[in-house]
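*Asks:* Residue numbers for the sequence shown follow my numbering, so the first one is 345 and each next one is one higher. Once you've had a glance at the structure underneath, I'll fire off some questions.
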Amino acid sequence: MAKQQGRLLLTNATVLAMDSELRQFNPGYLATEGELVSAIGPMSDCPPVSGFDEVLDCSGCVVLPGMVNAHTHLPMVYFRGLADDLPLLTWLNEHIWPAEGKHLSPDFCYHATRLACLESIRGGVTCVNDMYLFAASVASAVADSGMRGLVSEGVIQFPTPSAPTWQDGRKLSEALITEFSGHPLIEPAVACHAPYTCTPEILTTMHGLSREHGLLFHIHLHETNAEQGTTEWLQPGESPTAGLARLGVLGPRTLGAHCVWVEQPDMELMASHGCGCAHCPASNLKLASGVAPTVAMLKAGVNVGLGTDGAASNNNLDMWEELHLSSLLPKGILLDAEAMPAQQAVQLATSGGAAALGDRRFGTLAAGKLADICVIDLATPHTTPRYTHESAVYSYLAYSAQAADVRHTI
């Protein structure tokens with residue numbers, strides 16, 4: 345993955361800022377200096393190429409913020425194809441957790457993550473939010489790839505290959521924070537696996553650790569319709585989201601992964617606390633978990649991003665597939681062709697992901713923002729012809745583009 349230390353100029357592209365104004369420059373340019381965007385605008389305002397260390401002619405391409413994978417388990421690429429066509433709890437209990445117990449180690453997680461980063465970078469992903477085990481190895485691999493990452497040790501009430509007790513998991517989380525605080529690419533985060541696999545003590549302790557350091561708190565939430573019945577500490581009639589709110593675990597840097605079975609009161613709780621959601625449509629479909637009500641969540645004010653989940657349940661890390669599904673599924677479920685228009689779906693994959701993670705430094709393109717950039721080639725047979733009305737580019741990205749079309753990930 346290219347990380348620019350000098351001055352880079354991208355020219356002759358359709359440039360999508362993905363900001364609140366949805367600025368679009370066609371043809372446009374984007375300039376960077378070091379790790380930051382220095383300027384963006386129409387080609388008529390493009391500075392002289394002589395002032396740059398490298399110039400990339402992006403004719404026929406779209407320049408947009410790098411994809412933000414808001415929920416994943418990168419090392420699980422090594423379990424791709426291990427067990428398919430199974431419901432979540434069968435898949436976890438009978439296949440994935442036994443395989444993890446047999447195979448996981450720091451080296452396993454490092455090398456698996458390197459493979460996952462390669463797949464991600466080739467698809468235009470510049471930032472990942474990962475929850476797994478041996479998180480220090482995951483973080484090292486993400487950093488070595490040049491990607492940006494929020495990385496957390498998944499804490500659970502059962503013994504894991506990295507932590508015999510949840511207290512050991514807390515210690516690993518604390519060590520991760522110590523090792524990677526201030527790192528230019530890695531932000532340590534804090535994670536609990538799920539309400540049904542963590543006690544109130546674990547949840548409040550780990551959330552307290554995240555608040556102490558101002559870090560993201562990452563948790564699987566409402567992934568299946570069985571979660572409420574299998575979360576033993578909930579009060580009668582209480583939903584997992586309401587239970588977390590009662591424990592004080594919701595907050596502006598709480599990210600709920602999946603949120604398939606949230607209902608209106610849950611959405612309102614999430615919105616009032618400033619929580620984010622990572623929508624993982626492909627994995628949720630494959631595991632027959634359901635489809636998250638993203639249109640209703642957005643209407644309620646929840647920050648929604650997109651994630652791939654792990655490659656063992658997807659079975660890839662293709663954010664373009666998630667983008668495609670995130671726009672199509674609401675149309676089919678709601679019988680409303682105007683639900684989740686293409687432009688809004690592209691926002692979920694970029695600025696929405698950054699907002700869900702509570703980090704506004706990336707996800708949009710503007711002077712002073714981090715230069716996390718995807719350049720995708722739309723001069724392909726499956727994106728031809730090219731119409732030029734203002735919304736057309738979003739339609740090509742949401743409905744026609746493929747990960748293989750990505751030309752540069754910066």
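The beta carbon of each residue, even a glycine, is placed where N, CA and C say it ideally should be.
#1: Rounded to whole angstroms, what's the CA-CA distance from LEU672 to SER657? Just pull it up for me.
#2: Have a look at THR416, THR549, ALA622 and flag the residue whose alpha-carbon is nearest the alpha-carbon of GLY654.
#3: Kindly list the residues whose CB is nearer than 6 Å to the CB of GLU377, restricted to its own chain and excluding five residues on each side of it in sequence; keep chain order.
#4: Alpha carbon to alpha carbon, how far is LEU741 from TYR731? Give it in angstroms, no decimals.
#5: CA-CA distance, GLN687 and TRP577?
#6: Could you tell me the distance, in whole angstroms, from the CA atom of GLY395 to the CA atom of VAL407?
#7: When we look at the beta-carbon of LYS713 and count the other beta-carbons within 10 Å, is it buried (16 or more) or exposed?
#8: Is ALA414 buried or exposed, if buried means 16 or more other CB atoms sit within 10 Å of its CB?
#9: What residue from GLN691, LEU418, SER364 has the CA that sits closest to SER481's CA?
#10: Assign LEU650 to one of two classes, buried (16 or more other C-beta atoms within 10 Å of its C-beta) or exposed (fewer than that).
#11: Out of curiosity, what's the CA-to-CA distance linking ILE286 and SER554?
#12: Of all the alpha helix (DSSP H) runs that stay within the bounds of the region 603-670, which reach a length of 4 or more residues?
#13: Measure the alpha-carbon distance for VAL412 versus GLY707 and round it to whole angstroms.
#14: Which residues in the same chain as GLY645 place their Cβ atom closer than 7 Å to its Cβ, once the five residues preceding and following it in sequence are excluded?
#15: By the 10 Å Cβ neighbour count, where 16 or more other Cβ atoms means buried, how is THR522 classified, buried or exposed?
#16: Tell me whether the beta-carbon of PRO625 lies closer than 8 Å to the beta-carbon of LEU669.
#17: I need the straight-line Cα distance from LEU709 to PHE423, nearest angstrom please.
#18: What is the DSSP secondary structure of SER464, counted as helix, strand or coil?
#19: Check whether the Cβ atoms of MET632 and PRO450 lie closer than 8 Å to each other.
#20: Output the residue ranges of the beta strand (DSSP E) runs that lie fully inside the region 567-604 and measure 3 residues or longer, sorted by chain position.
#21: What are the uninterrupted segments assigned as alpha helix (DSSP H) that are 4 or more residues long and contained completely in the region 458-502, given in chain order?
#22: Under DSSP, the beta strand (DSSP E) around LEU374 begins and ends at which residues?
#23: ALA375 to THR509, Cα distance in whole Å?
#24: Using the Cα positions of ALA357 and THR585, report the straight-line distance between them to the nearest angstrom.
#25: Please name the residue, chosen from PHE452, SER484, PRO409, LEU366, that lies closest to VAL381 on a Cα-to-Cα basis.
#26: Based on the DSSP secondary-structure assignment, which residues constitute the bridge partners of ARG351?
#27: Report the three-state DSSP secondary structure of MET411 (helix, strand or coil).
#28: Checking 8 Å against the spacing of the C-beta atoms, do CYS542 and VAL606 come in under that value?
#29: Quick one: what's got a C-beta closer than 6 Å to VAL719's C-beta in the same chain, skipping five residues either side?
#30: Please report the distance separating the alpha-carbon of LEU599 from that of ASP721.
#31: Could you tell me if GLU438 is buried or exposed, where buried requires 16 or more neighbouring beta carbons within 10 angstroms of its beta carbon?
#32: Given a cut-off of 8 Å, decide if GLY676 and ASN569 are closer than it, judged by their beta-carbon atoms.
#33: To the nearest angstrom, how far is the alpha carbon of LEU529 from that of ALA487?
#34: Taking ALA589 and HIS562 to be in contact with their CB atoms under 8 Å, please state how far apart those CB atoms are, rounded to whole angstroms.
#35: Which whole-angstrom value describes the C-beta separation of ALA700 and ALA622, a residue pair presumed to lie in contact below a C-beta threshold of 8 Å?
#36: Mapping the DSSP letters down to three states, classify ASP749 as helix, strand or coil.
*Replies:* This is what the structure gives:
#1: 20 Å
#2: Among THR416, THR549, ALA622, the Cα nearest to that of GLY654 is on THR416.
#3: ARG351
#4: Spanning the alpha carbons of TYR731 and LEU741 requires a straight line of approximately 13 Å.
#5: 41 Å
#6: For GLY395 and VAL407, the gap between their C-alpha atoms comes out near 20 Å.
#7: Buried, since its Cβ has 16 or more Cβ neighbours within 10 Å.
#8: buried
#9: Ranking the options by Cα distance to SER481, first place goes to LEU418.
#10: buried
#11: Any question about residue 286 goes unanswered here, given that the chain covers just 345 to 754.
#12: 608-617, 625-630, 638-644
#13: 7 Å
#14: ALA615
#15: exposed
#16: yes
#17: Rounded to whole angstroms, LEU709 to PHE423 spans 35 Å at the Cα level.
#18: helix
#19: The amino acid occupying residue 632 in the given sequence is Ala; Met does not appear at that position. It is not a contact, given that the beta carbons lie outside the stated cut-off.
#20: 598-602
#21: 479-489
#22: Counting along the chain, LEU374 sits inside the beta strand (DSSP E) bounded by residues 368-377.
#23: 49 Å
#24: 43 Å
#25: Answer by Cα proximity: PRO409.
#26: GLU377
#27: strand
#28: no
#29: CYS402, CYS405, VAL407, ARG751, HIS752
#30: Whole-angstrom Cα-Cα distance: 32 Å.
#31: exposed
#32: no
#33: 6 Å
#34: About 17 Å; that fails the 8 Å criterion.
#35: 6 Å
#36: helix
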